[in-house]
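Working notes for the structure below.
Number of protein chains: 2
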Amino acid sequence: MRAFEELMAFERQTQALGQIAGRLGWDQETMMPRGSAEQRGEEMAAIEAVLHARRSDPRVGEWLEQAATEGAVEEAHVREIRRAYERARKVPEALASRLARVTSEAQGKWASARADEDWEAFAPVLEEVVALKREEGAALAEGGDIYDAMLQDYEPGTTAAEISAIFDAMRPRLVALRAAILDQPEPKGIVGTFPAGKQMKLTRQLARAFGYDMARGRVDKAVHPFSSGSGMDVRITTRTNEQDPFNCLYSTIHEVGHAAYEQNIDPAYLLTPLGRGVSMGVHESQSRIYENQIGRSAAFTGYLYEQMTAIFGSISVENAREFYSAVNCVRRGYIRTEADEVQYNLHIMLRFDLERALMAGDLQVGDLETAWNDRFEADFGYRVDMPSNGVLQDVHWSVGLFGYFPTYSLGNVYAGCLHQAMCAALPDLDAQLAQGVTETATGWLRVNLQRHGGLYAPREIIETASGIAPSEGPLLDYLEAKFTDLYNL
Amino acid sequence: MRAFEELMAFERQTQALGQIAGRLGWDQETMMPRGSAEQRGEEMAAIEAVLHARRSDPRVGEWLEQAATEGAVEEAHVREIRRAYERARKVPEALASRLARVTSEAQGKWASARADEDWEAFAPVLEEVVALKREEGAALAEGGDIYDAMLQDYEPGTTAAEISAIFDAMRPRLVALRAAILDQPEPKGIVGTFPAGKQMKLTRQLARAFGYDMARGRVDKAVHPFSSGSGMDVRITTRTNEQDPFNCLYSTIHEVGHAAYEQNIDPAYLLTPLGRGVSMGVHESQSRIYENQIGRSAAFTGYLYEQMTAIFGSISVENAREFYSAVNCVRRGYIRTEADEVQYNLHIMLRFDLERALMAGDLQVGDLETAWNDRFEADFGYRVDMPSNGVLQDVHWSVGLFGYFPTYSLGNVYAGCLHQAMCAALPDLDAQLAQGVTETATGWLRVNLQRHGGLYAPREIIETASGIAPSEGPLLDYLEAKFTDLYNL
Chain E
51 MRAFEELMAF
61 ERQTQALGQI
71 AGRLGWDQET
81 MMPRGSAEQR
91 GEEMAAIEAV
101 LHARRSDPRV
111 GEWLEQAATE
121 GAVEEAHVRE
131 IRRAYERARK
141 VPEALASRLA
151 RVTSEAQGKW
161 ASARADEDWE
171 AFAPVLEEVV
181 ALKREEGAAL
191 AEGGDIYDAM
201 LQDYEPGTTA
211 AEISAIFDAM
221 RPRLVALRAA
231 ILDQPEPKGI
241 VGTFPAGKQM
251 KLTRQLARAF
261 GYDMARGRVD
271 KAVHPFSSGS
281 GMDVRITTRT
291 NEQDPFNCLY
301 STIHEVGHAA
311 YEQNIDPAYL
321 LTPLGRGVSM
331 GVHESQSRIY
341 ENQIGRSAAF
351 TGYLYEQMTA
361 IFGSISVENA
371 REFYSAVNCV
381 RRGYIRTEAD
391 EVQYNLHIML
401 RFDLERALMA
411 GDLQVGDLET
421 AWNDRFEADF
431 GYRVDMPSNG
441 VLQDVHWSVG
451 LFGYFPTYSL
461 GNVYAGCLHQ
471 AMCAALPDLD
481 AQLAQGVTET
491 ATGWLRVNLQ
501 RHGGLYAPRE
511 IIETASGIAP
521 SEGPLLDYLE
531 AKFTDLYNL
Chain B
51 MRAFEELMAF
61 ERQTQALGQI
71 AGRLGWDQET
81 MMPRGSAEQR
91 GEEMAAIEAV
101 LHARRSDPRV
111 GEWLEQAATE
121 GAVEEAHVRE
131 IRRAYERARK
141 VPEALASRLA
151 RVTSEAQGKW
161 ASARADEDWE
171 AFAPVLEEVV
181 ALKREEGAAL
191 AEGGDIYDAM
201 LQDYEPGTTA
211 AEISAIFDAM
221 RPRLVALRAA
231 ILDQPEPKGI
241 VGTFPAGKQM
251 KLTRQLARAF
261 GYDMARGRVD
271 KAVHPFSSGS
281 GMDVRITTRT
291 NEQDPFNCLY
301 STIHEVGHAA
311 YEQNIDPAYL
321 LTPLGRGVSM
331 GVHESQSRIY
341 ENQIGRSAAF
351 TGYLYEQMTA
361 IFGSISVENA
371 REFYSAVNCV
381 RRGYIRTEAD
391 EVQYNLHIML
401 RFDLERALMA
411 GDLQVGDLET
421 AWNDRFEADF
431 GYRVDMPSNG
441 VLQDVHWSVG
451 LFGYFPTYSL
461 GNVYAGCLHQ
471 AMCAALPDLD
481 AQLAQGVTET
491 ATGWLRVNLQ
501 RHGGLYAPRE
511 IIETASGIAP
521 SEGPLLDYLE
531 AKFTDLYNL
């Protein structure tokens, strides 16, 4: 056998084991009995240990040295395997297992600190996490920038400088747009009776309409919406709030964006490094364009308005235009996950700047809460009232995710580029969406982006699909046009 | 670290990975989308390969050589690890993976052959399975008896001669009892409306009443009832038939017997070789005593009669005695899984004799259907009418389970011994069961047997718990007394 083939056979098993670990995570959030957590912790640790050992197996290094590749696909395989191998080899096992232990503990402390509104109870363990992540970052960076090294875990090929340039261009235009909107009267919200069962029925109907293949997936309820798995088994979750059906419906459309990306990758890449979405940012571009540019468009909300009044009866808005306004309402708030399209990126920029400062050693955990609250006030105009609305609102840092937040906004930026190209390519788009037909849009994404999986690097696939280098321009143009119309600015 | 501790740390991870493989199996039967089977096949193969490599890892051999043990628990750990290690080392990897491939194919062919009533379509692949299993048996036996070597996978320490001696003593008494019963008029069955939702509610209530801990388990529907997992995550499945509620209720009680055994093992043995039921026979003794000696007793069925009439209204039997007769009805039939307490073991003896002959080379697969039908007629008095009622009814042989069938009857024999001792120890037993209180009985089993997990060998734990060496006497005495009363013999 060629070294390349031996490498791929080994890698295929590793990918299969990775899918199993992911399915265990799904089970934990949906099906696992509440008394099983401790045993599950050991099971997860066992399979993670197997995965780490395989990723850093010296035979992989030998095969990589000997592997002769033919063509772009084989080269991409080797590129991705090498990246995972080098990453696994750079981080000493003792550090990796200490990080796993401390972040597991920190996540528990974060949850109770958030419930108790007690930042001081969380700060000491976050300090440990930050110290360990800096140590890991230094090992990964090998003398280069720590934060740039961390970004490679989520958005390979990007740098903090690139992201900064984009964010610096976005911030003033978003702050100005937000201020103009909040000067206007708040649109009417929907009010009605939204039984959970009916929401779930509609949400499954929307999932299918957006191209989610239920024969290779399923929709369950969980505390947090997520998508899990690749290839032939990609499952999503949602949740219902009987006062607010948009929570269920739009989180489903969002997760369907992630899930459809995984389902639509060329089956030839199944259980290979190319058989998964190429980066967190590109992944998020799919969930965002499904949720926002398509799902929150005037055309599609017109269709959704008809569906909702048919299912739920009166919902206290009088017509499709009022419904469109309600779906896109911009409100004062503190919480990233509840933010609208305009404010969302401001939440991300705040986290990006703070986490870079933490990793650079320019900001200490002891000063983090104050830094958060000051920055929030500067961008949003009012002060954080309690830690769960501020520095304790997100789980990410407790589990060691530094470098992850900016990929959410990169996803929005990518979605803006893709949407611009899609609109140019599909003159009938709005007419189709107004009928509830999303296949034209999702089909365009499938053909131009999703099917390629990990074949092209993130910037490359966005550029190939949208015809322009990733830039904040299209997103900002879209937001300004949409909200100028919505709010008569 | 002592060699023993290194061995145990490695083994603990292996056990955790084994639990993961089991949970994947559960997912496959309950939750997996129908389009995911092919990918799941690769995932299962990947984790099985990891497990096989770990069980036969040369380091395990070195640790076993060096491990100094202290006390009975450490000795039992080493005994169980050594057994798994030697088994894994004896079977060449090429044979193991060929067996996995051929049995996977054979299971598919069996299912379609059974649906088509086409024995000839299945025979050739069964021939392959038999040849491979004989090869595996020869590798395991190292010159000894092939079938005895196979039995060790399911009932360590037993031999075909021992089982034969028990079965030879059972057969004439069971044949005579069966004949006497079938000379009597058939008792009335229950008739009524049994909605699936109400069956599931009652089945969950019964599961809890029999000591199943729902905080560390769950009940779902599946095509076949089964129990899956050990320790803190033990899940069961059931199924509903709206004409026949006993199918759901008694399969649940049966699976709760398996599940409670796994849940009640000393937590100190969690994720060790002692943290699981010690053998298939001892496992079956628990499911059978829950289902039959307790669940089908006059006392408990009196309680169940009240519950069922309260839930389902009229069920066409007039009183608890008629209900007890309906629950224990002995009917002519062909199918092992539908057989009553009297006839069940005759089905097993048939399979035991045929599979021993196959493994010894005394019977060819080409002659198997005729041999089955002749033996069936000799024991049951009428001829098999179609293959799905005969040689094609069970999945076991297609997946290479030779040596497994006799453990079902061993379980019944063990249950007889345990029940005799339990009745002697608990004079109030019937009074409690008549109130629906099963804790007295299940508590006795927990303390005397279940908590020990794999600490004692199968015969040893039955002897310790019941005070007598395993023997068919108590089971036959119990069956003769029960059915003499039920049928006025």
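Protein chains in written order, with the numbering used here: chain E, 51 to 539; chain B, 51 to 539.
Don't be surprised by glycine CBs; every beta carbon is placed ideally from N, CA and C.
Just verifying my parser: in three-state terms, what is the DSSP assignment at E/T208?
On the first sequence, residue 208 of chain E is found 158 positions in, with the first residue counted as 1. The answer is coil: DSSP assigns E/T208 none of H, G, I, E or B.
In this structure, what does DSSP give as the bridge partners for B/R270?
-> For the purposes of this step, residue 270 of chain B is taken as the residue at position 220 of the second sequence. Checking the sequence, you will find Asp at residue 270 of chain B rather than Arg. In DSSP, B/D270 forms a bridge with B/T287.
### Message
Checking the sheet assignment: what are the DSSP bridge partners for B/S278?
### Response
By 1-based counting over the second sequence, the position of residue 278 of chain B is 228. Answer is B/R285.
| field | Ordered list of alpha helix (DSSP H) runs contained in the region 352-410 of chain B, each at least 4 residues | value | 370-377, 394-410
query: Can you list the residues of chain E that B/R268 reaches, using a CB-CB cut of under 8 Å?
result: Along the second sequence, one-based indexing puts residue 268 of chain B at 218. Simply M81, P83.
Tell me which residue opens and which closes the alpha helix (DSSP H) that B/S335 is part of.
For this step, residue 335 of chain B is matched to residue 285 along the second sequence. 330-338 is the span of the alpha helix (DSSP H), which, as asked, contains B/S335.
What did DSSP end up calling E/N297 once you bin it into helix, strand or coil? Translated into the one-based positions of the first sequence, residue 297 of chain E becomes position 247. DSSP places E/N297 in helix when its eight states are reduced to three.
_B/W422 - containing alpha helix (DSSP H), residue span_ = Position 372 of the second sequence holds residue 422 of chain B. Per DSSP, B/W422 belongs to the alpha helix (DSSP H) from 418-430.
- Query: Buried or exposed: where does B/T351 fall if 16 or more other Cβ atoms within 10 Å of its Cβ makes it buried?
  - Reply: Numbered from its first residue, the second sequence carries residue 351 of chain B at position 301. Buried is the call here.
_Of the listed residues E/A53, E/L57, E/M58, E/A96, nearest to B/R62 (C-alpha basis)_ = Locating residue 62 of chain B in the second sequence gives position 12, counting from the first residue. It is E/A96.
Self-check item: E/E186 burial status per 10 Å Cβ neighbour count (16 or more: buried)
Solution: Stepping through the first sequence from its first residue, residue 186 of chain E is reached at position 136. E/E186 comes out buried.
Within the 8 Å Cβ cut-off, does E/R139 reach chain B? Taking the first sequence and counting its residues from 1, one reaches residue 139 of chain E at position 89. So, not an interface residue.
Problem set entry | Selection of the region 82-102 of chain B by Cβ proximity to chain E, strictly under 9 Å | M82, P83, R84, G85, S86, A87, E88, Q89, R90, E92, E93, M94, A95, A96, I97, A99, V100
- [ ] Report all residues from its chain with a CB closer than 6 Å to the CB of E/S301; omit the five preceding and five following residues, and keep chain order.
- [x] Position 251 of the first sequence, counted from the first residue, corresponds to residue 301 of chain E. The residues are P275, T288.
- Task: Could you confirm whether any beta carbon from chain E is found closer than 8 Å to the beta carbon of B/R73?
- Result: Translated into positions along the second sequence, residue 73 of chain B becomes position 23. For B/R73, the answer is yes, since a Cβ of chain E falls inside 8 Å of its Cβ.
| task | Compare the C-beta of B/I26 with all C-beta atoms of chain E and state if any pair is closer than 8 Å. | result | Given that chain B is displayed from residue 51 to residue 539, the structure contains no residue 26 of chain B and the question cannot be resolved.
(Q) Taking CB distances under 8 Å as the criterion, tell me whether B/L324 reaches chain E. (A) Mapped onto the second sequence, residue 324 of chain B falls at position 274. Cβ-Cβ to chain E under 8 Å: no for B/L324.
- Partner residues on chain E for B/Q63, Cβ-Cβ distance less than 7 Å: Against the second sequence, residue 63 of chain B aligns to sequence position 13. Going along chain E in sequence order, the residues near B/Q63 (Cβ under 7 Å) are A96, A99.
9 Å Cβ cut-off: residues of chain E touching B/D283 | For this step, residue 283 of chain B is matched to residue 233 along the second sequence. M82, P83, G85, S86, Q89, R90, E93, listed in chain order.
Give me the chain E residues within the contact set of B/D77, using Cβ-Cβ distance strictly less than 8 Å, ordered along the chain. One-based indexing of the second sequence puts residue 77 of chain B at position 27. By Cβ distance, chain E contributes R73, D77.
Q) Under a three-way DSSP split, which group does B/T153 fall into? A) Your numbering for residue 153 of chain B matches position 103 in the second sequence. Of the three classes helix, strand and coil, the one that applies to B/T153 here is helix, per DSSP.
Consider the Cβ of B/A246: report whether some Cβ of chain E lies at a distance smaller than 8 Å.
-> Looking up residue 246 of chain B in the second sequence gives position 196. It does not: the Cβ of B/A246 has no partner Cβ on chain E nearer than 8 Å.
>> For E/L57, would you say it is in contact with chain B, using Cβ-to-Cβ distances shorter than 8 Å as the test?
In response: As a working mapping, residue 57 of chain E is identified with position 7 in the first sequence. Not an interface residue.
Going by beta-carbon coordinates alone, are E/Q343 and E/Y311 separated by less than 8 Å? Here residue 343 of chain E corresponds to residue number 293 of the first sequence, with the count starting at 1. Here residue 311 of chain E corresponds to residue number 261 of the first sequence, with the count starting at 1. Not closer than 8 Å, so no.
Less than 7 Å between C-beta atoms, sequence neighbours within five positions excluded: which residues of the same chain meet that for B/A349? The count along the second sequence starts at 1 and reaches residue 349 of chain B at position 299. So the qualifying residues of the chain are D480, L483, A484.
Which class does E/A118 belong to by DSSP, given the choice of helix, strand or coil? Position 68 of the first sequence holds residue 118 of chain E. Of the three classes helix, strand and coil, the one that applies to E/A118 here is coil, per DSSP.
E/Q485, DSSP secondary structure in three states
As a working mapping, residue 485 of chain E is identified with position 435 in the first sequence. Coil, per DSSP.
### Query
Can the beta-carbon of E/Q78 be found less than 8 Å from the beta-carbon of E/V449?
Translated into positions along the first sequence, residue 78 of chain E becomes position 28. Translated into positions along the first sequence, residue 449 of chain E becomes position 399. For E/Q78 and E/V449, no; Cβs fall outside 8 Å.
Practice task
Leaving aside the five residues before and after E/A370 along the sequence, list all residues of the same chain whose C-beta is less than 6 Å from its C-beta, in chain order.
Solution key: Here residue 370 of chain E is taken as the residue at index 320 of the first sequence, counted from 1. The residues are G352, Y355.
Please list, in chain order, all residues of the same chain as B/E98 whose beta carbon is under 8 Å from its beta carbon, the five residues on each side excluded.
Start at 1 with the first residue of the second sequence, and residue 98 of chain B comes out as number 48. Cβ within range, chain order: A71, A150.
Does the beta-carbon distance from E/Y3 to E/V100 come in below 8 Å? Chain E is shown only over 51 to 539; residue 3 of chain E falls outside these bounds and no answer can be derived.
With 9 Å as the C-beta to C-beta threshold (strictly closer), list the residues of the region 484-508 of chain B near chain E in chain order.
none
Tell me where the alpha helix (DSSP H) around E/L536 begins and ends. Looking up residue 536 of chain E in the first sequence gives position 486. Per DSSP, E/L536 belongs to the alpha helix (DSSP H) from 523-536.
| query | In chain E, what lies closer than 8 Å to B/A265 by C-beta? | reply | For this step, residue 265 of chain B is matched to residue 215 along the second sequence. Simply P83, R84, G85.
Note to self: Just checking: is the beta-carbon of E/A309 within a distance shorter than 8 Å of some beta-carbon in chain B?
What the structure shows: Looking up residue 309 of chain E in the first sequence gives position 259. Judged by the 8 Å Cβ criterion, E/A309 is not in contact with chain B.
Just to confirm my understanding: we take E/G207, look at its own chain, exclude 5 residues before and 5 after, and list those with CB closer than 7 Å. What are they?
In the first sequence, residue 207 of chain E corresponds to position 157, counting from 1. Closer than 7 Å at the Cβ level, and outside the excluded window around E/G207, lie A507, P508, R509.
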